[in-house]
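K.L.:
My numbering puts the first residue of the sequence shown at 1267, with every later residue one more than the last.
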Amino acid sequence: MTDLTHAYALPGHLYHGAEAHGFDAERILRRSWQLLGLVSQVRDSGDHLVADIGGVPVLVVRDEHGVLRGFENICRHRAGPLATCAGRGAKALRCRYHGWTYTLAGQLRAATEMAGTPDFKMEDIHLNPIQVAVVRGLVFAAIEPDMSIDELLTGTEKKLGSRDFSHYEFERRQSFPVACNWKLYVENYLEGYHVPHVHPALNALLDYRSYVTEAEHWHSLQWSPMESAASGNFYGEGDALYYCIWPNTMLNILPNRLQTNRVIATGPDTCVVDFDYYYPVDDRPEERQRRDTDQQFSEVVQAEDAEICAQVQRALASGRYQPGRINPKRENAVFHYHELIRRIYGPERL
Ligand code: FES
Ligand SMILES: [Fe+2]
1267 MTDLTHAYAL PGHLYHGAEA HGFDAERILR RSWQLLGLVS QVRDSGDHLV ADIGGVPVLV
1327 VRDEHGVLRG FENICRHRAG PLATCAGRGA KALRCRYHGW TYTLAGQLRA ATEMAGTPDF
1387 KMEDIHLNPI QVAVVRGLVF AAIEPDMSID ELLTGTEKKL GSRDFSHYEF ERRQSFPVAC
1447 NWKLYVENYL EGYHVPHVHP ALNALLDYRS YVTEAEHWHS LQWSPMESAA SGNFYGEGDA
1507 LYYCIWPNTM LNILPNRLQT NRVIATGPDT CVVDFDYYYP VDDRPEERQR RDTDQQFSEV
1567 VQAEDAEICA QVQRALASGR YQPGRINPKR ENAVFHYHEL IRRIYGPERL
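(1) So, for Tyr-1543: in the same chain, excluding its five sequence neighbours on each side, which residues have a beta-carbon less than 7 Å away from its beta-carbon?
(2) Would you say the beta carbon of Arg-1344 comes nearer than 7 Å to a heavy atom of ligand 1?
(3) Out of Met-1388, Val-1444, Gly-1590 and Lys-1425, state which residue places its alpha-carbon closest to the alpha-carbon of Leu-1520.
(4) Below 8 Å CB to CB, which residues in the same chain sit around Arg-1360 once its five sequence neighbours on both sides are set aside?
(5) Confirm the yes/no value for this check: CB of Asn-1593, any heavy atom of ligand 2, distance under 7 Å.
(6) Candidates Pro-1466, Glu-1552 and Ala-1408: which alpha carbon is nearest Leu-1302's?
(7) Between His-1460 and ligand 2, is the CB less than 7 Å from at least one heavy atom?
(8) Are Val-1461 and Leu-1468 closer than 8 Å when you measure CB to CB?
(9) Pull up the distance between the alpha-carbon of Asn-1527 and that of Pro-1411, whole angstroms please.
(10) Ser-1306 by DSSP, collapsed to three states: which one?
(11) Shortest alpha-carbon distance to Gly-1332 belongs to which of Ser-1306, Leu-1507, Tyr-1603 and Glu-1338?
(12) Looking only at its chain, what residues have a beta carbon closer than 7 Å to the beta carbon of Ile-1243, apart from the 5 residues adjacent to it on each side?
(13) My understanding is that Asp-1403 touches Phe-1431, with C-beta atoms under 8 Å, so please give their C-beta distance in whole angstroms.
(14) I need the boundaries of the alpha helix (DSSP H) containing Leu-1606, first residue and last residue.
(15) Assuming Leu-1370 and Val-1327 form a contact by the criterion Cβ under 8 Å, report the distance between their Cβ atoms to the nearest whole angstrom.
(16) Could you check if Ala-1470 is buried or exposed, using at least 16 other CB atoms within 10 Å of its CB as the buried criterion?
(17) Could you tell me which residues DSSP pairs with Trp-1489 in its beta bridges?
(18) With respect to 7 Å, is the separation between the Cβ of Asp-1416 and the closest non-hydrogen atom of ligand 2 below this value?
(19) Around the Cβ of Leu-1325, are there at least 16 other Cβ atoms within 10 angstroms (buried) or fewer (exposed)?
(20) Let me check you understand the geometry: is the CB of Asn-1598 closer than 7 Å to at least one non-hydrogen atom of ligand 2?
What follows is the structure, given as structure tokens:
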């Protein structure tokens, strides 16, 4: 185990190339829990959410009996998609390719023009199930997780207390392609050290030094009471809590606002970051105004992060970077994240 005060960053080859990409998909992403959305998005029968888990398309759907089920979003005929986006009230899961149709419980119930095919038994054909968990109204899914959802979230109860997001509604998603490895984007999120240099407007608004960064188990938390953080002070009194949950989920929590980020690895040098916005129901015009301002501001900050991450990516991929010292005061969460990665990669791959 390295210690924080003497730590170095990870080597560049972990952020570049087909080998690292394949390893991450296989050993990290497919063995982790992925946030798909909020339970209010799958309230009724046939409501569904989709996601990508380490390159595997998956879906979560509420069945006719009210059970929330997860499946690989891969038709058992020739791999067509059952759902291409989130939706409401589907009566069945119908493949977009040749129309085979599965019940909401994943059982094949109709196969187009297959009647009379010898030894073809519909009852033996079922979508591959995956695990689903709902915690505080957040819907997670996993293919083959290394840990239980409770283990993953150990310690988050300290600041979250009894907070629950079940009554929040989805408002919108913004997806940003970023020209960097997915881990690099996460690490950039984990420190405020770059804020004065990369985000001038954000820096004028908050004192990043007042943020406390804690890292333990499978998450880290950057937080500050709103009055000192200001944080745009769009949402009134209360804490601003910024969680990063292993390996690629962020929960950005302000009073009456949840913004989640999910970093999807689309290639060795590229990722897509989904920003999802959720709020309790509130139709007042001043609330609308606040939300728009918040979202526009977030878009500016995101563009600045995307730009710096793309530049760092090029340097990491150049083969010329030699790992530098970590700032123990400002990069403890980066260090913690690196330690989790080191543990999984093992000394032989570092
Ligand atoms: S791939 Fe699904 S029906 Fe052909
Ligand atoms: Fe940033």
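Note that CB positions come from ideal geometry on N, CA and C, so glycine has one too.
P.N.:
Reading off the structure:
(1) In the sequence shown, residue 1543 corresponds to position 277, counting from 1. Correct list, in chain order: Glu-1437, Arg-1438, Gln-1525 and Gln-1561.
(2) Position 78 of the sequence shown holds residue 1344. A heavy atom of ligand 1 is found nearer than 7 Å to the CB of Arg-1344.
(3) Here the question's residue 1520 lines up with position 254 in the sequence shown. Comparing Cα positions, the closest option is Lys-1425.
(4) Numbered from 1 along the sequence shown, position 94 holds the residue referred to as residue 1360. Spatial neighbours of Arg-1360 in its own chain (CB-CB distance under 8 Å, excluding positions within 5 residues in sequence) are listed in chain order as Leu-1348, Trp-1366, Thr-1367 and Tyr-1368.
(5) Within the sequence shown, residue 1593 is the residue found at index 327, counting from 1. Checking every heavy atom of ligand 2 against the Cβ of Asn-1593, none is found closer than 7 Å.
(6) By 1-based counting over the sequence shown, the position of residue 1302 is 36. Per the C-alpha coordinates, the member of Pro-1466, Glu-1552 and Ala-1408 positioned closest to Leu-1302 is Ala-1408.
(7) Here residue 1460 is taken as the residue at index 194 of the sequence shown, counted from 1. Yes, Cβ of His-1460 sits closer than 7 Å to a heavy atom of ligand 2.
(8) One-based indexing of the sequence shown puts residue 1461 at position 195. One-based indexing of the sequence shown puts residue 1468 at position 202. For Val-1461 and Leu-1468, yes; Cβs fall inside 8 Å.
(9) As a working note, residue 1527 is residue 261 in the sequence shown. As a working note, residue 1411 is residue 145 in the sequence shown. Roughly 20 Å between the two C-alpha positions.
(10) As a position in the sequence shown, residue 1306 is number 40, starting the count at 1. In the three-state DSSP reduction, Ser-1306 falls in the helix class (H, G or I).
(11) In the sequence shown, counting from the first residue as 1, residue 1332 sits at position 66. Minimum Cα distance to Gly-1332 is reached at Ser-1306.
(12) Absent from the structure is residue 1243, since the part of the chain shown begins at 1267 and ends at 1616.
(13) Walking along the sequence shown from the start, residue 1403 turns up at place 137. Walking along the sequence shown from the start, residue 1431 turns up at place 165. The amino acid occupying residue 1403 in the given sequence is Gly; Asp does not appear at that position. Beta-carbon to beta-carbon, Gly-1403 and Phe-1431 are separated by about 4 Å, close enough to satisfy the 8 Å threshold.
(14) Residue numbering aside, residue 1606 sits at position 340 when the sequence shown is read from its first letter. Unbroken alpha helix (DSSP H) run through Leu-1606: 1598-1611.
(15) For this step, residue 1370 is matched to residue 104 along the sequence shown. For this step, residue 1327 is matched to residue 61 along the sequence shown. Contact holds; Cβ gap of about 5 Å.
(16) Numbered from its first residue, the sequence shown carries residue 1470 at position 204. Ala-1470 is exposed by the Cβ-count criterion.
(17) As a position in the sequence shown, residue 1489 is number 223, starting the count at 1. According to DSSP, which records beta bridges pairwise, Trp-1489 is partnered with Val-1478 and Leu-1507.
(18) Walking along the sequence shown from the start, residue 1416 turns up at place 150. Ligand 2 never approaches Asp-1416 closely enough for any of its heavy atoms to be under 7 Å from the residue's Cβ.
(19) As a first step, residue 1325 is located in the sequence shown; it is residue number 59 there, counting from the start. The residue in question, Leu-1325, is buried, as its Cβ has 16 or more Cβ neighbours within 10 Å.
(20) On the sequence shown, residue 1598 is found 332 positions in, with the first residue counted as 1. No - ligand 2 has no heavy atom lying nearer than 7 Å to the Cβ of Asn-1598.
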